[in-house]
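Heads up: the sequence shown runs through residues 1 to 115, numbered per UniProt numbering.
Here's the structure we're looking at; comments come further down.
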Amino acid sequence: MANFNDINATAQGNTKRLVKSVPDVMKSFKDLQEAAYKDAALDTKTKEFAALSYAIADKCEGCIGAHVNKLIKLGATRDEIAEIAGVAIVMGGGPGSVYGGKALQAYDDSMENQR
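Below, the structure written as structure tokens:
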């Protein structure tokens, strides 16, 4: 099983490749992300929890790692990640339980890296 620090590093490297290859597309994507995650009726942390739930249900390991790291920076706890994983399991069925566990692994790997 891959460590999420490795998964995150790979995803970041791939993003850099895309930025170099299709800079206009990636700038537009970044602008879209910034607009979508701004505090408004929902705060950024709530929006990141929604994104993590989708990442788990959609089985996107790079997305899981990225959103968990953002949530850690926003002060999310392991228990909050676990509850969101529970919501994703409801939405994603059996695969949600596998990838919900990956969200907890991402949290554990990221916190271990910070020690």
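Ideal Cβ placement from N, Cα and C applies to all residues, glycine included.
Asked, Found
"Met-111 versus Gly-65, Gly-94, Tyr-37 and Gly-86, residue with shortest Cα-Cα distance", "Gly-65"
"Outcome for Leu-32 when other beta-carbon atoms lying within 10 angstroms are tallied against a minimum of 16", "exposed"
"Anticipated Cβ contact below 8 angstroms, Val-97 with Ile-84, distance rounded", "Residue identity differs from the one stated: residue 97 is Ser in this sequence, not Val. With 8 angstroms as the limit, Ser-97 and Ile-84 do not qualify as a contact, their Cβ atoms being about 13 angstroms apart."
"Integer Cβ distance of Ile-81 from Ala-103, believed to fall under 8 angstroms", "6 angstroms"
"Among Tyr-99, Asn-5, Leu-74 and Pro-95, the one whose alpha carbon lies nearest that of Lys-47", "Leu-74"
"Cβ shell of Phe-49 (< 6 angstroms), same chain only, five flanking positions each side left out", "Ile-84"
"CA nearest to the CA of Asp-58, picked from Pro-95, Arg-17, Asn-113 and Lys-20", "Pro-95"
"Top-ranked residue by Cα proximity to Asp-79, from Tyr-107, Gly-62, Val-25 and Thr-44", "Tyr-107"
"Residue range of the alpha helix (DSSP H) that includes Cys-63", "61-73"
"Nearest neighbour of Thr-44, chosen from Pro-23, His-67 and Cys-60 [CA to CA]", "His-67"
"Bounding residues of the alpha helix (DSSP H) (the contiguous stretch that carries Arg-17)", "4-21"
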